[in-house]
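A short write-up of the structure that comes next.
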Amino acid sequence: MNDHPSGPVVDEADVIVVGAGPGGSAAAYHLARHGVRVLLLEKTEFPREKVCGDGLTPRAVRQLIRMGVDTSEKAGWLQNRGLRVIGGGVRLELDWPDLASFPNYGLVRTRMDFDDMLARQAVEAGAILRTGVNVIGAVTDDDGYVIGVEAKSGPEREPVSFRAPLVIAADGVSGKFPLSLGLAKRDDRPLGVAVRRYYRSAVKADDDYLESWLELRSAQNPGRLLPGYGWIFGLGDGRVNVGLGILNSSDAFGKTNYRNLLTDWLGSTPEEWGLREEANADGPTLGAALPMGFNRVPHYTRGVMLVGDSGGMVNPMNGEGIAYAMESGEMAAEVAVQALARPAGPERERALQAYPAELSLRFGGYYRIGGIFVKLIGNPQIMRLATKYGMPQPLLMKFVLKLLANLTDPRGGDAMDRIINGLTKVAPSV
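Mapping to full-length UniProt numbering: the sequence shown position 202 is 202, numbers consecutive.
Right under this line is the structure:
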């Protein structure tokens with residue numbers, strides 16, 4: 001933090017958004033739609049790559065639609081019908097539920113152009129995007145309240161600063177901006193690690209289901225089950241996104257070479273899929289952390305709101321981050337618009353406190369259940385029993401899909417919806 005910025009003030013706004021990923025671009029879009037002058041600062045240049053599974057559930061699709069994005073296949077999207085789950089000797093295809101609150105299809109799109117598209121959508125709404133701006137810390141007033149950001153700009157990394165009465169930190173899993181304010185991640189919340197790689201595969205590239213593997217078999221030691229869970233998502237362009245994730249409730253967490261683990265698992269897949277051959281690989285194996293269950297709080301303090309991965313908002317149940325980044329970005333924008341309409345001081349602060357309260361109300365109980373879920377599936381014996389006896393039960397698995405993907409109708413839903421909604425309401429918020 002610095003109350004004397006080291007570089008010249010190059011621009012001022014009502015709100016500064018740090019990071020133009022899905023959460024930051026969503027926040028900037030919804031702010032701009034309300035007529036707010038918003039600066040969207042991104043350290044890289046578009047297009048750029050991000051480590052991700054590239055699969056979007058109906059929850060994420062809903063947020064895209066709310067941003068005015070055309071999600072049709074004519075617009076270059078590959079739609080999927082649901083989730084194919086493989087485990088316990090069973091292969092089960094589960095269609096996305098038909099709900100009033102969410103569309104009944106998912107999508108796949110690589111982050112290489114996904115993030116660029118969302119940033120452009122924000123710009124079209126009126127946001128001011130500045131790329132090549134690496135935010136390094138906050139500018140604060142004498143009371144420690146954030147009134148802007150310090151950054152290094154352009155190829156020469158010139159010191160500059162930007163001013164605004166409100167900053168939204170959407171700088172991803174690293175959370176460098178909240179860290180500069182002393183907001184460290186919590187070690188008592190779930191954490192995952194995922195690695196992924198692209199492969200060319202004529203057989204799997206156009207799959208209309210997202211494929212999730214609950215059991216990973218070793219090619220090097222046939223019969224041995226590997227730790228973690230896996231996915232194979234067809235991209236519709238001749239390639240697939242293949243990856244695996246491990247949660248910190250697993251004994252293998254932090255003690256395993258995840259890239260070798262991925263290669264070992266893929267060696268056990270059918271030869272005709274083409275995933276065993278290094279020649280079919282398209283790029284390196286890349287990895288990233290998955291900050292889950294609100295592992296950085298408070299989500300609002302001293303003029304700063306945390307959005308998406310910066311606030312640890314990955315769903316512990318299924319590792320999904322994009323939907324929650326975009327949803328929290330919209331929530332932050334809606335609260336910010338109301339707060340900025342009030343005079344600076346206690347009235348505005350009172351309005352801004354609605355953001356963490358709404359996050360807790362919407363996701364707190366669900367993430368609490370997710371934390372319990374993570375601890376349970378980290379036990380290999382429990383996981384084996386669950387796949388052996390749960391997978392052959394289609395009705396149970398339909399319930400599990402709704403629970404893990406957080407897809408229910410809040411009102412007027414079926415019995416499954418009412419059970420899940422009831423559980424999340426009675427569970428204490430994280």
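For each residue, glycine too, the CB sits at the ideal point set by N, CA and C.
Straight-line gap, residue i to residue j (C-alpha atoms, nearest Å)
i, j, result
"Gly236", "Asn80", "10 Å"
"Pro380", "Lys388", "12 Å"
"Phe399", "Gly303", "40 Å"
"Pro178", "Ala288", "19 Å"
"Arg418", "Glu272", "43 Å"
"Pro97", "Ala415", "13 Å"
"Pro284", "Glu49", "12 Å"
"Gly19", "Gly243", "25 Å"
"Met313", "Asn260", "28 Å"
"Val173", "Ile136", "15 Å"
"Glu45", "Arg362", "34 Å"
"Asp11", "Gly365", "40 Å"
"Ser72", "Tyr209", "16 Å"
"Arg84", "Arg91", "7 Å"
"Ser429", "Ser180", "27 Å"
"Leu107", "Glu93", "16 Å"
"His34", "Asp141", "27 Å"
"Asn134", "Gly148", "14 Å"
"Ala219", "Leu266", "8 Å"
"Asn406", "Tyr105", "14 Å"
"Phe102", "Ile16", "30 Å"
"Asp206", "Val160", "46 Å"
"Arg348", "Asp143", "16 Å"
"Leu404", "Thr57", "11 Å"
"Glu211", "Arg157", "43 Å"
"Gly87", "Gly371", "22 Å"
"Gly175", "Thr256", "25 Å"
"Tyr258", "Ala357", "37 Å"
"Pro47", "Val69", "18 Å"
"Ala344", "Gly308", "26 Å"
"Val9", "Gln121", "26 Å"
"Thr408", "Gly23", "22 Å"
Reference residue i; option with closest CA among the options
i, options, result
"Trp231", "Ala351, Arg33, Tyr199", "Tyr199"
"Trp77", "Gly53, Leu94, Thr110, Arg48", "Thr110"
"Val297", "Glu215, Gly228, Leu183", "Leu183"
"residue 516", "Ser180, Asp414, Gly243, Ala341", "The shown model of the chain, from 1 to 430, leaves out residue 516, and the question about it has no answer."
"Ala164", "Thr408, Met305, Tyr29, Asp187", "Met305"
"Arg197", "Asn241, Leu166, His299", "Asn241"
"Gly132", "Met292, Ala151, Ile377, Glu277", "Ala151"
"Lys375", "Pro190, Gly228, Val430, Arg224", "Pro190"
"Ile128", "Phe162, Glu158, Asn104", "Phe162"
"Pro410", "Ala75, Ala100, Leu286, Tyr355", "Ala100"
"Asn295", "Pro346, Ser360, Leu352", "Ser360"
"Lys185", "Val17, Gly293, Tyr367, Asn318", "Gly293"
"His299", "Ala169, Val36, Asp95, Ser153", "Ala169"
"Ile420", "Arg368, Gln393, Leu385, Ile382", "Arg368"
"Gly238", "Lys204, Arg224, Thr256, Trp213", "Lys204"
"Gly53", "Ala26, Glu320, Thr263", "Glu320"
"Lys315", "Arg350, Phe373, Ala336, Val36", "Looking at the sequence itself, residue 315 is Asn, so the reference to Lys does not match. It is Phe373."
"Tyr229", "Gly412, Gly378, Val69, Leu41", "Gly378"
"Ala336", "Val9, Gly21, Val38", "Val38"
"Gly21", "Arg130, Asp95, Lys74, Val9", "Arg130"
"Ala194", "Pro227, Asp187, Thr301", "Pro227"
"Trp213", "Asp188, Ser268, Asn248", "Ser268"
Run of the beta strand (DSSP E) containing residue i, from where it starts to where it stops
i, result
"Tyr199", "191-200"
"Pro165", "Premise fails: Pro165 is in no beta strand (DSSP E) and is neither H nor E."
"Pro79", "This sequence places Gln at residue 79; Pro is not what is there. Element bounds for Gln79: 78-80."
"Ser153", "146-153"
"residue 433", "Outside the displayed range of the chain (1 to 430) lies residue 433, so it cannot be described from this structure."
"Tyr389", "It is not in any beta strand (DSSP E) - Tyr389 instead sits in the alpha helix (DSSP H) that spans 380-390."
"Leu107", "106-108"
"Asp95", "90-95"
"Leu247", "239-247"
Residue i: first and last residue of the uninterrupted alpha helix (DSSP H) it sits in
i, result
"Gly254", "Careful: Gly254 lies outside any alpha helix (DSSP H) and carries neither H nor E."
"Glu358", "354-359"
"Met124", "In the sequence under discussion, the amino acid at residue 124 is Glu, which differs from the Met named in the question. Taken as a continuous stretch (DSSP letters only), the alpha helix (DSSP H) holding Glu124 covers 111-125."
"Asp11", "Segment 9-12 is the beta strand (DSSP E) holding Asp11; no alpha helix (DSSP H) there."
"Lys204", "Run containing Lys204: none; DSSP gives neither H nor E here."
"Asn134", "Looking at the DSSP string, Asn134 is not in any alpha helix (DSSP H); the run it does join, the beta strand (DSSP E), is 133-140."
"Asn421", "415-426"
"Phe177", "176-180"
"Val61", "58-66"
"Phe399", "394-405"
Original post:
Are the stretch 252-263 and the stretch 57-75 touching by the rule of at least three beta carbon pairs closer than 8 Å?
Top reply: Counting Cβ pairs under 8 Å, fewer than three are found: no touch.
Original post:
What runs of the alpha helix (DSSP H), each 4 residues or longer, lie entirely inside the stretch 261-345?
Top reply: 322-340
Subject >> Segment contact, 8 Å Cβ cut-off, at least three pairs: the stretch 419-426 with the stretch 113-125 >> reply: no
Original post:
Can you give, in chain order, each stretch of the alpha helix (DSSP H) that sits fully within the stretch 21-49 and has at least 4 residues?
Top reply: Whole alpha helix (DSSP H) segments, 4+ residues: 22-33.
Original post:
Per the contact definition of three or more C-beta pairs closer than 8 Å, is the stretch 30-43 in contact with the stretch 329-343?
Top reply: yes
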